[in-house]
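Enquirer: Could you have a look at this structure, given as C-alpha cells, before my questions?
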Amino acid sequence: MKTFLLLATSTVDATHGPGGSSFATWGTLHVLLAALSVIALIGYAVGPSGTHRSAAVRTALRLPLALARWTGLPAWAAVTLTLSGAGLVIAGTGFFDDVAYHVAYGRDTVLFTAPHTAIVIGLTMIAVGAWAGVAVATVQEVDTDLRFGRLRLPWSSLPLGVLGLAALLGFPIDEAWHQTYGVDVTMWSPPHLIMILGAAFSGLALWLVVAETGVRPSDDRRARAVHGVLAFLTFQGLTAPMGEFAFGVPQFQQLYHPVLICLAAGTGLVLIRLVLGRGGALTIAAISFALDHFAVLGDGPVDTRPVATFLGAAFAVEAVAWLHGTRPRLRFSVLAGLAVGTVGLATEWVYNQGAHQPWTSALLPDAVIVGVPAAVAAAVLGGAIARALPDADAVGAAAPLAPTRSGAVLVVAGLTVVAALAIPLPRQVGEVTAELHITEVEPGQVLLEARLDPPDAADGARWFMLSSWQHGTRESAHLVPQADGSWRTQTPVAVDGWAKSLLRLHRGAEMMTIPVRLPADPDIGEPEIEPRSRTAAFEAETRYLLRETTEGPPALRIAVTAVFILLVGAWVVAFSLASTRLASRAAAGGRDAPRHRTGHRARHEVDAFRAGT
2 MKTFLLLATS TVDATHGPGG SSFATWGTLH VLLAALSVIA LIGYAVGPSG THRSAAVRTA
62 LRLPLALARW TGLPAWAAVT LTLSGAGLVI AGTGFFDDVA YHVAYGRDTV LFTAPHTAIV
122 IGLTMIAVGA WAGVAVATVQ EVDTDLRFGR LRLPWSSLPL GVLGLAALLG FPIDEAWHQT
182 YGVDVTMWSP PHLIMILGAA FSGLALWLVV AETGVRPSDD RRARAVHGVL AFLTFQGLTA
242 PMGEFAFGVP QFQQLYHPVL ICLAAGTGLV LIRLVLGRGG ALTIAAISFA LDHFAVLGDG
302 PVDTRPVATF LGAAFAVEAV AWLHGTRPRL RFSVLAGLAV GTVGLATEWV YNQGAHQPWT
362 SALLPDAVIV GVPAAVAAAV LGGAIARALP DADAVGAAAP LAPTRSGAVL VVAGLTVVAA
422 LAIPLPRQVG EVTAELHITE VEPGQVLLEA RLDPPDAADG ARWFMLSSWQ HGTRESAHLV
482 PQADGSWRTQ TPVAVDGWAK SLLRLHRGAE MMTIPVRLPA DPDIGEPEIE PRSRTAAFEA
542 ETRYLLRETT EGPPALRIAV TAVFILLVGA WVVAFSLAST RLASRAAAGG RDAPRHRTGH
602 RARHEVDAFR AGT
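So in this note's numbering, the last one in the sequence shown is 614, and the numbering has no gaps at all.
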C-alpha cells in the first residue's frame, strides 16, 4: 500500500528522538492544497453563472457548474466527487505518512503535525463534500425522494456524510484516548479504526454518488474514466487496513494478512468486474500493482512493502466470468470467491515469501480454513453491492434473487465476514523461556543467539525474529535454527540511541516477546533495558509494543468501543439504505436517475452541463 505515499517526499531532522514524526515536512500537504486551490480558481473563472434568480446563488454555482462541465456529471455530484475525492487522497497521504514516521521515530511531541493536519483536513473535506452536494442539489431543486424540509438529499449522500462525520469525530476521540491511556503506536486501536475505516469506505460511497446520476461506464470515455478512478479508490480503501503488515511491525496475528487479502479481493474484484465489465478487475489490480511496486516518487523512513499483488485473484475472477458468465450473479459471486480463496491466495502465498514476516507452512491450514469462506462471503457481498451500481452485463440479466432469499444470503455472508475477522483476534502467551547470548559486532549493532526451553518452542512458529525500530528506520533479523539446537540471527540490528529491540515469537494465537533493548524514557518513567546476555521468560507483546500506554479507567475504553460498534452499525445502515434504493431504481428503469430541474428553467440547461457542453 504505497499508493497514497507516492506523493510524499517527507524529510526529517538528522537529530531524532521521541516525537520524531513531528519532523515530517509540510511540503506534501502544501502541494496538494495548492493544486486543489488552482483547480477551484480556474473552475470559478471559467464556470457558467447559471440562470438562478439570485445573484449570490449564480455566483456560488459557478464552480459546481464548471466541475459538471469537466466531469459530465450533475453539478451536485461533481462537487461531491471533487471535494470528497480530494479529501480522501489528502487524508490517505497524511495517514500513511504518519504511520511510517511513528514506526521510524516514535510518538509525536505536538498534536498538529503535518500528517495529522493532513488527516484532519482530508476527513473534513470528505464530510463537507457530501453536504456541499446536498446544498447544490437543494439550490437546483433536484428531484430526490429523500427530503427534509427544503433540503434535497441524494440517497448516496447518506453513507458518504455518515462516513465523513464519523471519521472526523475519530480525531478528538483519539486525542482523548491518548490523554487517558497514553500513546498506543498501533494502527488498529478503536479510535484509529474509526478514522481508517471511515476514510477507507468513502471511495465506495463516492461510487454510489456517480451511480445515482445514472452515468454508466459505457456512456463515453469520460464516464469510463470516472468509474475507473472510483473503482481504484474503492479498491485502495478495501486494502488500507492491511497497512498493519506493510510497515514490518505488525501487532496482530499473521493470520489476518491472508484473511484481509481474501476479504479485499473477494469484495473489490467481484464488484469491479460486474461494474466495469470484461478486464475491469484485472486492469484495476494491474494499476494498483504498478503504483505500489514501481511508481515510487519519494522514499520514506521505513521500507513499506506492499502486502499483496491481487493479480492472481484478478485473473481468477476474470477466468470465472469467461468460463461461466456473470449470471446468475450469486453463482458468479460464489465461484469467484472460491477462485480468490484458492488460486488468488496461492499466488499471494508465493509473493509473500518475501514479506517482512514471510508466509510459511505454519499458516496452514488456518489460512485456507478461514480465508476461503471469507473470500466467498466477501464476493457475495461484493455482488450485492454491485446491484446499486451500473452493471456492464445488465442486458439479458436473470431476475434478481427474491428479497427474502437475498436477505438471508447476505446475513449469512455478513456473519461469515465477522467470524473471519474475530477468529484471529486473540493474542495469548505460552510458557517459554530463552537463554540469550548477545554479541556486539560493531558499536550499537548486535547479533543474537537464543536457546529455548522447551527446545522445540519455535518449531513451526509463524515468525521468530529480532525487530528493531524507532531509531530512524526499522530493521528485522529472523532467527535461524542451528545444528546445536540454538537459534541465531544472521544480520545485526541496532540496539543504541532510541532503538527499540524485541525478540518476537509468534505461534498461532500466541504472540510473545522478550525485550532485548529499550531506551530510557523519562516522560513515562521507564528506565533503559540494556542489551545484555541473560535468561528470561517470554511475556505478552503488548507490554512492550505499547510501552507508552497506561491502564487508565475502563469507562472511556468501554465508551469508545461502544461508539465504534455503533458507528459501524450506522455505516451498514446508511450503505444498505442507499444501495437498496439505487438497486431498486436500477432494476426498475436502468438509467432512471434523479430528474434535475432549475426552478422553471428549461431542462436542456441541466442536460447541457451533464453532457459537458
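Note that CB positions come from ideal geometry on N, CA and C, so glycine has one too. All figures in this text were calculated on a predicted structure; none of them were measured in a lab.
Check whether the stretch 463-473 touches the stretch 410-429, taking contact to mean three or more Cβ pairs, one atom from each stretch, closer than 8 Å.
Expert: no
Enquirer: Below 8 Å on the Cβ atoms is my contact criterion, and I expect A92 with G134 to pass it. Report the Cβ-Cβ distance as a whole number of Å.
Expert: Actually they do not touch by this definition, with Cβ atoms about 18 Å apart.
Enquirer: Nearest CA to the CA of S85: which residue from L147, P173, G183, V121?
Expert: It is V121.
Enquirer: Taking 8 Å as the cut-off, decide whether the C-beta atoms of E542 and T514 are in contact.
Expert: yes
Enquirer: What does a CB cutoff of less than 8 Å around E443 pick up in its chain, not counting 5 residues either side in sequence?
Expert: P493
Enquirer: Looking at the structure shown, is A517 part of a helix, part of a strand, or coil, going by DSSP?
Expert: In the sequence under discussion, the amino acid at residue 517 is Val, which differs from the Ala named in the question. V517: strand per DSSP, three-state reduction.
Enquirer: The beta strand (DSSP E) with V481 in it runs from where to where?
Expert: 475-482
Enquirer: Here's the rule: buried if 16 or more other CB atoms are within 10 angstroms of the residue's CB, otherwise exposed. What is Q255?
Expert: buried
Enquirer: What does the Cβ neighbour count give for D608, buried or exposed, with the cut at 16 atoms within 10 Å?
Expert: With a pLDDT of only 44 at D608, under 50, the local geometry of the prediction cannot be trusted, and no value is derived from it.
Enquirer: Given that a residue counts as buried once 16 or more other Cβ atoms are within 10 Å of its Cβ, and exposed if not, what is E176?
Expert: exposed
Enquirer: Excluding sequence positions up to five away, which residues of its chain have a Cβ less than 6 Å from the Cβ of G326?
Expert: none
Enquirer: Of all the beta strand (DSSP E) runs that stay within the bounds of the stretch 203-277, which reach a length of 3 or more residues?
Expert: none
Enquirer: Below 7 Å CB to CB, which residues in the same chain sit around L147 once its five sequence neighbours on both sides are set aside?
Expert: Result list for L147: L154, W156, in chain order.
Enquirer: Using 10 angstroms around the beta-carbon of L324, count the other beta-carbons present and answer buried if the total reaches 16, otherwise exposed.
Expert: exposed
Enquirer: With a cut-off of 8 Å, does the C-beta of P251 fall near any C-beta of chain C?
Expert: Of the protein chains in this structure there is only one, and it is not chain C.
Enquirer: Measure the Cβ-Cβ separation of L64 and G44 and say whether it is below 8 Å.
Expert: Annotated as proximal: L64 and G44, with beta-carbon spacing under 8 Å.
Enquirer: Whole angstroms is fine: what's the gap from L390's alpha carbon to R306's?
Expert: Near 33 Å, if we compare the C-alpha coordinates of R306 and L390.
Enquirer: Does S334 come out as helix, strand or coil in the three-state DSSP assignment?
Expert: helix
Enquirer: Looking at C-beta atoms only, is the number of pairs between the stretch 196-203 and the stretch 222-231 that lie closer than 8 Å three or more?
Expert: no
Enquirer: Can you list the alpha helix (DSSP H) stretches of 4 or more residues lying completely in the stretch 360-436, in chain order?
Expert: 367-386, 404-423
Enquirer: Would the beta-carbon of A538 be found less than 7 Å away from any heavy atom of the ligand ADP?
Expert: This structure lacks the ligand ADP; in fact it carries no ligand of any kind.
Enquirer: Apart from the five residues just before and just after A224, which ones in its own chain have a Cβ nearer than 8 Å to its Cβ?
Expert: Only G73, V216, R217, P218 meet the Cβ criterion.
Enquirer: For T305, does the three-state DSSP call read helix, strand or coil?
Expert: coil
Enquirer: Straight-line CA distance for Q141 to T581?
Expert: 25 Å
Enquirer: E319: buried (16+ other C-beta within 10 angstroms of its C-beta) or exposed?
Expert: buried
Enquirer: If the criterion is Cβ atoms closer than 8 Å, does the pair I439 and S534 meet it?
Expert: yes
Enquirer: Can you tell me which residues form a DSSP beta bridge with H438?
Expert: E450
Enquirer: Tell me where the alpha helix (DSSP H) around T327 begins and ends.
Expert: Here T327 belongs to no alpha helix (DSSP H), and DSSP marks it neither H nor E.
Enquirer: Tell me, please, which residues DSSP counts as bridged to G183.
Expert: T550
Enquirer: I need the boundaries of the beta strand (DSSP E) containing L74, first residue and last residue.
Expert: Segment: none, L74 is in no beta strand (DSSP E) and carries neither H nor E.
Enquirer: Leaving out five residues on either side along the sequence, give the residues of the same chain with a beta carbon under 8 Å from the beta carbon of R592.
Expert: Low local confidence applies: a pLDDT of 42 at R592 is under 50, so the model's placement there is unreliable, and no value is given.
Enquirer: Between which two residues does the alpha helix (DSSP H) harbouring H625 extend?
Expert: As shown, the chain starts at 2 and ends at 614. That puts residue 625 outside it, with no answer to give.
Enquirer: Rounded to whole angstroms, what's the CA-CA distance from H193 to G171? Just pull it up for me.
Expert: Approximately 7 Å, taken between the alpha carbons.
Enquirer: Relative to the C-alpha of V47, which candidate in I127, R70, F295 has its C-alpha closest?
Expert: For V47, the nearest C-alpha among the options comes from R70.
Enquirer: How is L646 classed by DSSP in three states: helix, strand or coil?
Expert: Nothing about residue 646 can be read from this structure; the chain reaches only from 2 to 614.
Enquirer: Answer yes or no: do C263 and G342 have a C-beta to C-beta separation smaller than 8 Å?
Expert: yes
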